[in-house]
Each structure stands twice: as structure tokens, then as C-alpha cells.
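To convert, take the position in the sequence shown, counting from 1, and add 216; that gives my numbering.
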Amino acid sequence: MTSSIAAVWSHRSVLRLLVQRDLTVKYQQSVLGYLWSLIEPLTMAAIYYFIFGVLYGGGRDGMSGTDYIMFILSGIFAWMWANSAISESTTALVSQARMITTIKVPREIFPLGRVIGRFAEYVAGLPILIIGAIVFKADFGWHTLYALPLAVLVQAIFLVGISLMLSSLNVMLRDVERFMRLALRILFYAAPIIYPLSQVTESHMPEWVKIVYQANPLVGIFQLHHAAWFAGEWPSPALLATSVGGSLLIFLCGWLMFRKLEPSVLKEL
């Protein structure tokens, strides 16, 4: 793993060019260009706020309408990074087969480039979150300075691992791409993005269901994103440990699977 990380680092200029190329190609024929990375999550947030905040009376007990807007925004922007990175990295090797087989670079940089590219879009949305926190008077302060970087770090580790895993598997089995479209829809509702975690932990569901639910690393990750703007949403030590440990495990499994399948992947491409 150390040698692979060193190889990727030594080719960081190539990685940077790949990210710049992907962003340029994605927005070059668009009138609004990079603004689409802000319009899409804002539109989704407005829709979910209207459904759950207006029609169904707000986010949860003790959360006002303006608080719920900020709650949704913090979840949606983090989800857009995860959703786009997983979707695009799944096809990262298949869609760049000719480049992969002709250029001698670490193959890990291709799915990694998709994760970094989508992270750049997430960073572009941070000013919106900051403005929203000021306008809606969110509970942000010193805890924001460590909750948000921690959330980004853990999510990045998770996304790199899952991207390495899915990109290599999709070459060998093309059904992976179709399966992930369905899986991402399930994951959206299986994590506290548009609803608070308390609605699950304080519900009457069987205890084993709650344990399985919180075993998902994304649950703790999104709680950290919410905690950056609402100190009361800070995840419990057990949930935080589960998310960090699960993300590291997925990263390790993704790297091992990518290295193990690499010869077969190159032959298939």
C-alpha cells in the first residue's frame, strides 16, 4: 500500500490534469457551467424542504423551519459528492480504457480522479453553506472547524475505497453499474440526510434494525456534516468509531481488490 500511495503521489501532476480535464469536459458545453454544481443540490434541497418541511410540518421536534433548511442543505451537499463520486468512479476504468492501456501510470489515479473532481464541486458549494448558516442563524462555531474537516476526511477515505472496489469490479462484471444505480437510491434514504438520526434511534423499530442501520459508515459521516452546523447532532463515540473504522476497512478492501484484479482488468480492457 505504501508503494502504491508513493506511486500515485509521484504522478500527482497527471492526476491533477485528469481532474482538470474531467471538469472542463463536463461543463464546457454548458451555458451555466460550474454553477450546475450548485443549482442541482439547491433544487433538491428546496424540493425536500417543501415535502417534509412544509407539507409534513418540519424536520423534527425542536427544529424550526429555518433550522430544517440548513439541516437539509448540509446533508444534500455532502450526498451530492458521495453520489456523483460513486456513480462516476464505477465507470472510471471502462470509460478510459484506451488511455489506461497506453499510458504507464498507476491505474488507481483514474477512480481517484473522479472522487477528487466531485470533491472540487463540493468545495464550490461551501460558500453557500456558510451563507446559509449566517442567514438561518445556524449553530456554528469552533465545533465547525473540527467537525467539517473530520467529516470530509472520513468521507474521502470511504469514497476512495468504494471507488477502487467498484471501478475494478465493473470491468469484470458490467452489472455492477446497474446495481449501483439502485443501491444509491437505497443509500440516500438509509442515512440521515433529510431526516435526523433521532427519528431512527428513538423509534419503535427492533433493536437489531437500529444496529444494522448504524453499521453503515455513511450514517456517522452525515452526522458529522450536520454536526458542523448543529452541535447537538454530534455522533456518539460508538457511531463515530463505527464510521471511521468502517471507512478504513472499506478503503483497505478496495485497495486490495483493485490490486488483485488489476491484471485481469488490464486483460479485459
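Here a beta-carbon is modelled for each residue, glycine too, at the ideal position from N, C-alpha and C.
inquiry  = Please state whether the Cβ-Cβ distance between Phe438 and Ala407 is less than 7 Å.
reply    = For the purposes of this step, residue 438 is taken as the residue at position 222 of the sequence shown. For the purposes of this step, residue 407 is taken as the residue at position 191 of the sequence shown. Yes.
query = Can you give the Cα-Cα distance for Ile346 and Asp355, rounded to whole angstroms?
reply = In the sequence shown, counting from the first residue as 1, residue 346 sits at position 130. In the sequence shown, counting from the first residue as 1, residue 355 sits at position 139. Roughly 11 Å separates the two Cα atoms.
Three-pair Cβ contact test at 8 Å for the region 263-273 versus the region 359-379 = Flag = no, the region 263-273 and the region 359-379 do not touch.
key: At least 3 beta-carbon pairs within less than 8 Å: the region 295-313 vs the region 388-405   = yes
request  = Would you kindly work out how many angstroms separate the C-alpha atoms of Thr218 and Val416, rounded to a whole number?
outcome  = To locate residue 218, count along the sequence shown from 1; it is residue 2. To locate residue 416, count along the sequence shown from 1; it is residue 200. Looking at the two C-alpha atoms, the distance is approximately 40 Å.
query = How would you write the range of the alpha helix (DSSP H) that Ile427 sits in, first residue to last?
reply = For the purposes of this step, residue 427 is taken as the residue at position 211 of the sequence shown. Glu423 to Gln430 is the extent of the alpha helix (DSSP H) around Ile427.
request  = Using the Cα positions of Ala457 and Val392, report the straight-line distance between them to the nearest angstrom.
outcome  = Reading the sequence shown from its first residue, position 241 is the one you call residue 457. Reading the sequence shown from its first residue, position 176 is the one you call residue 392. Each residue's alpha carbon lies about 29 Å from the other.
ask   = What are the boundary residues of the alpha helix (DSSP H) that includes Gly448?
value = One-based indexing of the sequence shown puts residue 448 at position 232. Taken as a continuous stretch (DSSP letters only), Gly448 belongs to no alpha helix (DSSP H), as it is neither H nor E.
message = Looking at the secondary structure, which residues open and close the alpha helix (DSSP H) in which Ala340 lies?
response = Sequence index remark: in the sequence shown, residue 340 carries index 124 (1-based). Unbroken alpha helix (DSSP H) run through Ala340: Ile325 to Val351.
Test: Thr318 CB closer than 7 Å to a CB of chain D = Of the protein chains in this structure there is only one, and it is not chain D.
key: Separation of Phe335 from Gln236, as counted between CA atoms   = Translated into the one-based positions of the sequence shown, residue 236 becomes position 20. Translated into the one-based positions of the sequence shown, residue 335 becomes position 119. One C-alpha to the other measures close to 12 Å.
task = Tell me Asp355's beta-bridge partners as DSSP assigns them.
result = Along the sequence shown, one-based indexing puts residue 355 at 139. DSSP output for Asp355 lists Phe446 as bridge partner(s).
request  = Measuring alpha carbon to alpha carbon, tell me which of Gly357, Leu413 and Leu382 ends up nearest Phe474.
outcome  = Reading the sequence shown from its first residue, position 258 is the one you call residue 474. The residue with the shortest Cα to Cα distance from Phe474 is Leu382.
task = Output yes or no for whether 7 Å exceeds the beta carbon distance between Ile488 and Met260.
result = Because the chain is modelled from 217 through 485, residue 488 falls outside the range shown and cannot be assessed.
message = Using only the alpha-carbon positions, how far apart do Ala367 and Gly341 sit?
response = To locate residue 367, count along the sequence shown from 1; it is residue 151. To locate residue 341, count along the sequence shown from 1; it is residue 125. Rounded to whole angstroms, Ala367 to Gly341 spans 15 Å at the Cα level.
task = Return the chain-ordered list of same chain residues with a C-beta closer than 6 Å to the C-beta of Leu234, the five sequence neighbours on each side being excluded.
result = For this step, residue 234 is matched to residue 18 along the sequence shown. Excluding sequence neighbours, Leu234 sits near Gly329.
Pairwise C-alpha distance: Ile427 and Tyr243 = The sequence position of residue 243 within the sequence shown is 27, counting from 1. The sequence position of residue 427 within the sequence shown is 211, counting from 1. Each residue's Cα considered, the two are about 42 Å apart.
message = Looking at Pro327: is its Cβ nearer than 7 Å to the Cβ of Val224?
response = Taking the sequence shown and counting its residues from 1, the one referred to as residue 327 is at position 111. Taking the sequence shown and counting its residues from 1, the one referred to as residue 224 is at position 8. No.
Counted within 10 angstroms of its Cβ, other Cβ atoms place Tyr405 as buried (16 or more) or exposed = As a working mapping, residue 405 is identified with position 189 in the sequence shown. Label assigned to Tyr405: exposed.
ask   = Say the cut is 6 Å; is the CB of Pro422 nearer than that to a heavy atom of the ligand COA?
value = Of ligands this structure carries none, so the ligand COA is not represented either.
task = Quick one: using the 10 Å Cβ neighbour count with 16 as the cut-off for buried, is Ser480 buried or exposed?
result = Counting from 1 along the sequence shown, the entry for residue 480 is found at position 264. A residue is called buried once 16 or more other Cβ atoms fall within 10 Å of its Cβ, and Ser480, having fewer, is exposed.
query = Looking only at its own chain, which residues have a Cβ that is under 6 Å from the Cβ of Leu465, when we skip the five neighbours before and after it?
reply = Your numbering for residue 465 matches position 249 in the sequence shown. Correct list: empty, nothing qualifies.
task = Measure the alpha-carbon distance for Val387 versus Lys483 and round it to whole angstroms.
result = Residue numbering aside, residue 387 sits at position 171 when the sequence shown is read from its first letter. Residue numbering aside, residue 483 sits at position 267 when the sequence shown is read from its first letter. C-alpha separation (whole angstroms): 10 Å.
inquiry  = According to DSSP, simplified to helix, strand and coil, what is Glu304?
reply    = The residue labelled residue 304 in the question sits at position 88 within the sequence shown. Glu304 falls in the helix class under three-state DSSP.
query = What is the rounded straight-line gap between the Cα of Val241 and the Cα of Ile325?
reply = Along the sequence shown, read from residue 1 onward, the residue named residue 241 stands at position 25. Along the sequence shown, read from residue 1 onward, the residue named residue 325 stands at position 109. Using only the alpha carbons, I get a separation of about 18 Å.
ask   = Assuming Pro451 contacts Gly436 under a Cβ cut-off of 8 Å, what Cβ separation, rounded to an integer in Å, is found between them?
value = Position 235 of the sequence shown, counted from the start, is the residue given in the question as residue 451. Position 220 of the sequence shown, counted from the start, is the residue given in the question as residue 436. Confirmed, about 5 Å.
Where Ala406 falls: helix, strand or coil (DSSP) = Taking the sequence shown and counting its residues from 1, one reaches residue 406 at position 190. The answer is coil: DSSP assigns Ala406 none of H, G, I, E or B.
message = So, under 8 Å CB-CB, His441 and Ser290 are touching, yes? Tell me the CB distance rounded to an integer number of Å.
response = Within the sequence shown, numbered from 1, the residue matching residue 441 stands at position 225. Within the sequence shown, numbered from 1, the residue matching residue 290 stands at position 74. With a Cβ gap of about 5 Å, His441 and Ser290 count as contacting.
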